[in-house]
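Residue numbers for the sequence shown follow my numbering, so the first one is 3 and each next one is one higher. Just so it is clear, CB atoms sit at the ideal spot from N, CA and C, and this is done for glycine as well.
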Amino acid sequence: MTARRLSSGGRIDRSQTVTFRWDGKRLQGFAGDTLASALLANNQRIIGRSFKYHRPRGVMSAGVEESGAIVTTGRGARSEPNVKATQQELFEGLVASGQNAWPSVRHDVGAVSGLFSRFFAAGFYYKTFMGLPPFETGRGTGIWMQYEKLIRKAAGMGSASRLPDPDVYDHAHGFCDVLVVGAGPAGLAAALELAQQGRDVVLVEQDFELGGDYLAQSDPQAITRRDTQVAALRAAGVRIMTRTTAFGLYDNGVAGLLERVTDHLASPDASLPRQRFWTMRAGRTVLATGALERFISFGNNDLPGVMTPNAARSYLNRFGVLPGQRIVVATNNDSAYAVAGELAAAGAQVILADARSDAALVAPKGVELRQGLAPFNASGGRGVSGIEFASQQGGAWRVAGREACDLLLVSGGWSPVINLASHLGARPIWDSALACFLPGKTRSDIHMAGSAAGVWQTEACEASGTAVARQVIGADTALPAAGGWQTPIAPLYEVRVPGRRTKAFVDPQHDVTGDDVRLAHQEGFVSVEHLKRYTTLGMATDQGKMGNIIGLAMMAEALGREIPQVGTTRFRPPYTPVAIGALAGRHTGPHAKPLRRTPLHDWNLRQGAVMTDAGLWHRPWYFPHAGEGMAEAYVREATAVRETVGICDVSSLGKIAIQGPDATEFLNRIYTNPFAKLPIGRARYGIMLRDDGIVMDDGTTWRLGESDYLMTTTTTNAGKVMVFLEELLHTRWQDLRVHVTSVSDHWAGVSIAGPKSREVIAPCLEDGEAVTNDNLPFLGVRPVRLKGGIEGLIARISFSGELAYEIYVPSGYGEAMMALLWPQAQAQNGVLYGLEALGALRIEKGHVTGAELDGRMTIDDAGLGKMASPKKTFIGDALRRRPELTDPNRPQLVGVFPKIRSDTFNAGALLTAPGEDSGFGDGWLTAVTHSPALGHWIGIGYIAGGVAAWEGRRVLASDPTRRGPVEVEIVPPIMFDPKGDRMHG
Numbered sequence: 003m004t005a006r007r008l009s010s011g012g013r014i015d016r017s018q019t020v021t022f023r024w025d026g027k028r029l030q031g032f033a034g035d036t037l038a039s040a041l042l043a044n045n046q047r048i049i050g051r052s053f054k055y056h057r058p059r060g061v062m063s064a065g066v067e068e069s070g071a072i073v074t075t076g077r078g079a080r081s082e083p084n085v086k087a088t089q090q091e092l093f094e095g096l097v098a099s100g101q102n103a104w105p106s107v108r109h110d111v112g113a114v115s116g117l118f119s120r121f122f123a124a125g126f127y128y129k130t131f132m133g134l135p136p137f138e139t140g141r142g143t144g145i146w147m148q149y150e151k152l153i154r155k156a157a158g159m160g161s162a163s164r165l166p167d168p169d170v171y172d173h174a175h176g177f178c179d180v181l182v183v184g185a186g187p188a189g190l191a192a193a194l195e196l197a198q199q200g201r202d203v204v205l206v207e208q209d210f211e212l213g214g215d216y217l218a219q220s221d222p223q224a225i226t227r228r229d230t231q232v233a234a235l236r237a238a239g240v241r242i243m244t245r246t247t248a249f250g251l252y253d254n255g256v257a258g259l260l261e262r263v264t265d266h267l268a269s270p271d272a273s274l275p276r277q278r279f280w281t282m283r284a285g286r287t288v289l290a291t292g293a294l295e296r297f298i299s300f301g302n303n304d305l306p307g308v309m310t311p312n313a314a315r316s317y318l319n320r321f322g323v324l325p326g327q328r329i330v331v332a333t334n335n336d337s338a339y340a341v342a343g344e345l346a347a348a349g350a351q352v353i354l355a356d357a358r359s360d361a362a363l364v365a366p367k368g369v370e371l372r373q374g375l376a377p378f379n380a381s382g383g384r385g386v387s388g389i390e391f392a393s394q395q396g397g398a399w400r401v402a403g404r405e406a407c408d409l410l411l412v413s414g415g416w417s418p419v420i421n422l423a424s425h426l427g428a429r430p431i432w433d434s435a436l437a438c439f440l441p442g443k444t445r446s447d448i449h450m451a452g453s454a455a456g457v458w459q460t461e462a463c464e465a466s467g468t469a470v471a472r473q474v475i476g477a478d479t480a481l482p483a484a485g486g487w488q489t490p491i492a493p494l495y496e497v498r499v500p501g502r503r504t505k506a507f508v509d510p511q512h513d514v515t516g517d518d519v520r521l522a523h524q525e526g527f528v529s530v531e532h533l534k535r536y537t538t539l540g541m542a543t544d545q546g547k548m549g550n551i552i553g554l555a556m557m558a559e560a561l562g563r564e565i566p567q568v569g570t571t572r573f574r575p576p577y578t579p580v581a582i583g584a585l586a587g588r589h590t591g592p593h594a595k596p597l598r599r600t601p602l603h604d605w606n607l608r609q610g611a612v613m614t615d616a617g618l619w620h621r622p623w624y625f626p627h628a629g630e631g632m633a634e635a636y637v638r639e640a641t642a643v644r645e646t647v648g649i650c651d652v653s654s655l656g657k658i659a660i661q662g663p664d665a666t667e668f669l670n671r672i673y674t675n676p677f678a679k680l681p682i683g684r685a686r687y688g689i690m691l692r693d694d695g696i697v698m699d700d701g702t703t704w705r706l707g708e709s710d711y712l713m714t715t716t717t718t719n720a721g722k723v724m725v726f727l728e729e730l731l732h733t734r735w736q737d738l739r740v741h742v743t744s745v746s747d748h749w750a751g752v753s754i755a756g757p758k759s760r761e762v763i764a765p766c767l768e769d770g771e772a773v774t775n776d777n778l779p780f781l782g783v784r785p786v787r788l789k790g791g792i793e794g795l796i797a798r799i800s801f802s803g804e805l806a807y808e809i810y811v812p813s814g815y816g817e818a819m820m821a822l823l824w825p826q827a828q829a830q831n832g833v834l835y836g837l838e839a840l841g842a843l844r845i846e847k848g849h850v851t852g853a854e855l856d857g858r859m860t861i862d863d864a865g866l867g868k869m870a871s872p873k874k875t876f877i878g879d880a881l882r883r884r885p886e887l888t889d890p891n892r893p894q895l896v897g898v899f900p901k902i903r904s905d906t907f908n909a910g911a912l913l914t915a916p917g918e919d920s921g922f923g924d925g926w927l928t929a930v931t932h933s934p935a936l937g938h939w940i941g942i943g944y945i946a947g948g949v950a951a952w953e954g955r956r957v958l959a960s961d962p963t964r965r966g967p968v969e970v971e972i973v974p975p976i977m978f979d980p981k982g983d984r985m986h987g
């Protein structure tokens, strides 16, 4: 291969020299080059190594289908493997290197594996390792794990950086009347026609320049048409998105787009994202995605210096690179003729070998045409040096001479890019005349244009784009017929000569050969799905764009069937790889999930709160004094709540307003316990079940008026409950006159708990009225007016087990409320307490949270079975009665004490009888704490049969991964103040 840069020509900017590094060598290209074109201009032959045999690979194409020039770009944290050199724009300072090789792609020790290629056929992992001792004895799991380590070490191509990604990625949303994908002749024509008809058009092109096949043509008129159309598009207001790939189509007109914003810049603006992930919603979509040129399977068809004719044409006319001097063009269709002529005009010696024999075929000027010849076996070590031809004689291929060359261009026909249409269910239809899959029936909002619809020639593609655009706007317009070459394509996928064995590749990147396909057939893997998985055909980074058709044709031949009878695997998103960083966007690190702050967040921080995540909320964990850690702080806080008073921010609890004439009936159907007779001004604790009888959530609901309720939910389940209520009203109970609204953000709420809670609240009330059992009994609710005219709600509710109240005021008045309450609490030696102290208090009282109601437990398991009314029906009532859910041996809620009170244990420990080795235990601990009230460690959890089944029996809290077993005793779950005297005081 003797590629060189021409002294003139191409669309590169020769006034801007670009310096880059390739495998440590300093090379130069020009602005407008791709990495592949710059490497060719510097006559770099070996760019990559194949996956399995580490065979040398060069540039094989000029686009996304590239299967050979797969490289790693960047350094350190910005190192990115598996980049297609054909898509990487050249920029100043670009660093690129070969991969899957050591010490370099030019001298790869791993190439020794090619000497043993006969043993590495499809399925060799299983046949080799599963056949070695001790697998035949059935005791091979351990040794297989050792083999697996070796396999995994050899697997993969390129190494991803282990460092955190320093770049940022954005998510964006767009809307348009028509999305046009592809800016070649058909796409430009379609977008222009639509825009001139008043449609809002977005034109998406994965290349950094508009034009598609125009850019590879030498005809000045083609470039003029391209420039004229682009100028007209801009004038018409079309939104043009270059460097943007439509990687997937989805329902309701949604397209996934990946925009490469700064991947091509040497010094990108720090304020810009590296890539932008677009969700584009379009009324109609026009797919002008073009077609990809196929290879032919023959011996050594993977050598550096073997590429497609259309790629050579692109390098010649777009990048000003003549990729070879002595060139053989092997084809079975008309498309390669123009390429051969242009290469000859550029100074190359060109032989055109056509597998067809037709007197109507005419060689371009300066090209030697040889008919009836196909490539059989390429020769060369580090690059192609010659090609051995074959001709058909008596129905079989025979060797028919050899020709020296430094570049071999092979065209086996064209495959329309129908991937995106397939994403929405369009089944590919085989066209035997064109030897390709055409898009089947698409949805009414998806339209195919140009080569994507099997229309080949430039003028026909332009006409196709215009006609499709007119159909989109409702005009009755006929579309150009598929095809267009002067003579039909002669199907040719593989050249085999009897008595001669060659290594002919179908998938060059994964080293899948024709023999692998035939072996799959021999061993019974005959469906396309099994063929793909057994041979790994189409699993490389090009996802079968180069070799799938060839593999299907070989399997059809082995089965004695036609290709349509064999079928094809369905194309799935993404069309080209999408970085995980782009999928995540800015939702990483602390932003991995939405972060919600209560109205008292800043106030809590000023008081020294250490924060923790609770669902999507940031809540105070504990409020340490000087020298305190969490263990000391939460014990002090919980003790103060029991002895004096504490204030806790509970704003994050879910709050849902339920209003309407049928609100009472609605609640009565949702909750297990009755709500029909709940008086105005009272609250009730309720449990709601899923349809399958499992507990969904618990909370209190306050009746504020005849048809006005405020429901509170757990912090974590607020969203889930809201969606559940809306689903019930929109689908099941449409007759109910009820409206539900999330008001969680509307209220700032605190709990004031402890024996001195009344003394804290009373001085803060504007009317000076005391808070008593008479005017606010347990579970009572009433409006409240704090000093300064702050109006809100107050309810007597306790999660701590102490005399306690919850006060809610509008969010904007949260800090003003604390300015009143906190000084009064300090005067009573009170504290602020966080989630850790709240957890200790609730465990002492046996109150359940999401740790206990984890989506597996029933209302009876949680010890709340009496709340299931036998006098009414409710959601989940029928299925909760299933035998499996009423088994008396089901795990039931219990309390746990250490047998030796000074011992500790961990949440998650298994509860099991001594000597039991089932591995699953009889129960588990959901939460543990040091109990200030009891003076030792306690826990809450579940055990089969409950307290009664384990009275007097020895139980171990088994936790082998963190500590040894601890002997414990099972006690009732309410471990402190079981009668509730303190709460009702």
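**OP:** Report yes if the C-beta distance between Asn-675 and Gly-656 is below 8 Å; otherwise report no.
**Re:** no
**OP:** Indicate whether the contact test is met: 3 or more Cβ pairs, each with one atom in the segment 184–197 and one in the segment 615–629, closer than 8 Å.
**Re:** no
Original post:
Helix, strand or coil: which one does DSSP assign to Gln-18?
Top reply: strand
Subject >> Residue of Ser-115, Asp-221 and Gly-65 minimising C-alpha distance to Gly-12 >> reply: Asp-221
Subject >> Runs of alpha helix (DSSP H) lying entirely within the segment 637–688, each at least 4 residues, in chain order >> reply: 665–672
**OP:** Output the distance between the C-alpha atoms of Glu-918 and Leu-712, rounded to the nearest integer angstrom.
**Re:** 48 Å
**OP:** Give the single residue among His-512, Asp-664 and Gln-30 whose Cα lies nearest to the Cα of Val-20.
**Re:** Gln-30
Subject >> For Asn-254, the three-state DSSP class (helix, strand or coil) >> reply: coil
Original post:
Helix, strand or coil: which one does DSSP assign to Ala-103?
Top reply: coil
**OP:** Whole angstroms is fine: what's the gap from Thr-851's alpha carbon to Ile-942's?
**Re:** 11 Å
Original post:
Since His-532 is in the alpha helix (DSSP H), which residue starts that stretch and which ends it?
Top reply: 530–537
Original post:
For Arg-91, which three-state DSSP category applies?
Top reply: Reading the sequence as shown, one finds Glu at residue 91 and not Arg. Residue state, collapsed to three classes: strand.
**OP:** Can you check the segment 338–411 for any beta strand (DSSP E) of at least 3 residues that lies completely inside it and give the ranges in chain order?
**Re:** 351–356, 369–373, 376–381, 388–395 and 398–406
Original post:
So does the segment 924–934 actually touch the segment 891–909, counting three or more Cβ pairs closer than 8 Å?
Top reply: yes
Original post:
Excluding sequence positions up to five away, which residues of its chain have a Cβ less than 7 Å from the Cβ of Ile-976?
Top reply: Lys-847 and Gly-848
Subject >> Three-way DSSP call (helix, strand, coil) for Arg-588 in this model >> reply: coil
Original post:
For Lys-547, which option in Ser-69, Gly-34 and Gln-46 has the closest C-alpha, if you only look at C-alpha atoms?
Top reply: Ser-69
Subject >> Residues sharing a beta bridge with Gln-30, DSSP >> reply: Thr-21
**OP:** In the DSSP assignment, find the beta strand (DSSP E) that holds Ile-431 and state where it starts and stops.
**Re:** 431–433
**OP:** Could you check how far apart the C-beta atoms of Val-957 and Val-970 are, in whole angstroms? I think they sit under 8 Å.
**Re:** 5 Å
**OP:** Grab me the residues of Phe-137's own chain with a C-beta within less than 6 Å of its C-beta, minus the 5 sequence neighbours each way, in chain order.
**Re:** For Phe-137, the predicted structure reports a pLDDT of 49, less than 50, and the residue's modelled location is therefore unreliable. A value from the coordinates is still provided. Counting only Cβ-Cβ distances below 6 Å, and skipping sequence neighbours, we find nothing.
Subject >> Span separating the alpha-carbon of Asp-253 from that of Arg-429 >> reply: 16 Å
**OP:** Can you give me the Cβ contacts of Thr-578 inside the same chain, cut-off strictly under 7 Å, excluding the 5 residues immediately before and after it?
**Re:** Val-66, Thr-247 and Phe-249
**OP:** Can you tell me which of Ile-799, Trp-735 and Val-773 puts its alpha carbon nearest to the alpha carbon of Thr-702?
**Re:** Ile-799
Original post:
So, are the CB atoms of Leu-371 and Ala-365 less than 8 Å apart?
Top reply: yes
Subject >> DSSP-derived helix/strand/coil call for Asp-1023 >> reply: Because the chain here runs from 3 to 987, residue 1023 falls outside it and cannot be looked at.
Original post:
Hey, would you say Cys-650 sits closer than 8 Å to Leu-840, going by beta carbons?
Top reply: yes
Subject >> Element boundaries [beta strand (DSSP E), containing Asp-179] >> reply: 171–183
Original post:
If you draw a straight line from the C-alpha of Ala-435 to the C-alpha of Gly-415, how long is it?
Top reply: 11 Å
Original post:
If you drop the 5 nearest sequence neighbours on each side, which residues of the same chain put their C-beta closer than 6 Å to that of Ala-351?
Top reply: It is Gln, not Ala, that sits at residue 351 in the sequence shown. So the qualifying residues of the chain are Arg-328.
Original post:
Quick one: Cα of Val-497 to Cα of Phe-93, how far?
Top reply: 41 Å
Original post:
Straight-line CA distance for Ala-43 to Thr-718?
Top reply: 60 Å
Subject >> Where the beta strand (DSSP E) containing Tyr-317 begins and where it ends >> reply: Where Tyr-317 is concerned, there is no enclosing beta strand (DSSP E), although the alpha helix (DSSP H) it sits in stretches over 311–319.
Original post:
What does a CB cutoff of less than 8 Å around Gly-923 pick up in its chain, not counting 5 residues either side in sequence?
Top reply: Leu-912, Leu-913, Thr-914 and Ser-960
**OP:** Would you mind reading off the limits of the alpha helix (DSSP H) that contains Val-783?
**Re:** It is not in any alpha helix (DSSP H) - Val-783 instead sits in the beta strand (DSSP E) that spans 783–788.
Subject >> Unbroken beta strand (DSSP E) run spanning Met-450, endpoints >> reply: 448–450
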